[in-house]
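What follows is a single structure, written as structure tokens, with notes after it.
In this note's numbering, the protein residues as written are -6 to 315.
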């Protein structure tokens, strides 16, 4: 049993008696010559000699033929592969050179045309300001002419009793339609953005008055009983649109500048209290508490609101006409 595990035959004669006390486990591990362990008797003397020459031949074979013949043949068929990386490197260099040239040309053109662009921008700003000033002068002139027409109209109507009644009706309709100048006591609201936040910065948008804020304010004043309203001198009517354009607020496409002054003519005894309780008043107070916008409310004994220059008389007929 023991000799079968080692792959050798026990010697004739006294071999069995020599290994009779050895277990199967120790026989499997074996005791080869040169292993440090020795056996006595005929078993050791009859063990075949260890083939050192064969093991050395295997080591020499591994050293001499480190690469398998099949791999060597495949490498020989493939040939040298240095040309491919060189071609790839050359293409990369060409692409980088073209890209760098394009950047250089773009930089030169930008630097060359920058003064012209700045000059055109400055010219446009000057023209815009000049046209805006001209538009303001024309609006003032139109308001003066409208006042003159209204005065002549009142003078003519005042000559008869029916004319006086008609003049009173026209005056009431002018207030509602916004086609005539209005004077009277009321409420003045000054609304402005919150101070710049040192943490978030001026461009963060926090605390900035938006178009919806002015819309809520105006609607609150109407519901509180205001008879006429103007924002920064722009008279509001049923056709007025308050919109936002980028960071600006427009009234009928005319931009407004900060601060936003909202004037409303109405009963000063009740207008302020009713506005504070309205949704628009609560909206502003909430913005003041949370966003820290600037809000100043004052009652005025006399306000003068201009007529809406955008309204144009398109149709009229005499009373009783078909």
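No residue lacks a Cβ here, since even glycine has one placed at the ideal position from N, Cα and C.
Residue 97 has its alpha-carbon roughly 56 Å from the corresponding atom of residue 301. In this model, residue 203 and residue 258 are separated by some 23 Å (Cα to Cα). Counting only the Cα atoms, residue 175 lies some 43 Å from residue 113. Counting along the chain, no alpha helix (DSSP H) covers residue 202, and no H or E run does either.
Within 10 angstroms of the beta-carbon of residue 268 lie 16 or more other beta-carbons, which makes it buried. Apart from sequence neighbours up to five positions away, the residues of its chain that approach residue 208 with a beta-carbon distance below 8 Å are 235, ordered along the chain. Residue 200 counts as buried, since no fewer than 16 other beta carbons sit within 10 angstroms of its beta carbon.
With a cutoff of 8 Å on beta-carbon distance, residue 286 and residue 185 are scored as near each other. DSSP places residue 183 in no alpha helix (DSSP H) but in the uninterrupted beta strand (DSSP E) bounded by 175 to 185. Scanning the stretch 218 to 273 from its first residue to its last, the whole alpha helix (DSSP H) runs of 4-plus residues come out as 264 to 270.
By the neighbour-count definition (other C-beta atoms within 10 Å, threshold 16), residue 273 is a buried residue. With fewer than 16 neighbouring CB atoms inside 10 Å of its own CB, residue 101 falls in the exposed class. If you look at residue 300, you'll find it isn't in any beta strand (DSSP E); DSSP assigns it neither H nor E. The beta carbon of residue 271 sits closer than 6 Å to those of 213, 216 and 217, all from its chain and outside the five residues before and after it, given in chain order. Within a 10 Å sphere around the beta-carbon of residue 262 sit fewer than 16 other beta-carbons, which makes this residue exposed. Less than 8 Å separates the beta-carbon of residue 256 from that of residue 223. Taken through DSSP and simplified to helix, strand or coil, residue 146 comes out as helix.
The three-state reading of DSSP puts residue 151 in coil, since its state is none of H, G, I, E or B.
Between residue 210 and residue 229, the C-beta gap is not smaller than 8 Å, which leaves the two residues out of contact. Around the beta carbon of residue 110, fewer than 16 other beta carbons sit within 10 angstroms, so the residue counts as exposed. One alpha carbon belongs to residue 276, the other to residue 293, and they sit about 22 Å apart. Residue 227 is a Cβ neighbour of residue 245, given a cutoff of 8 Å.
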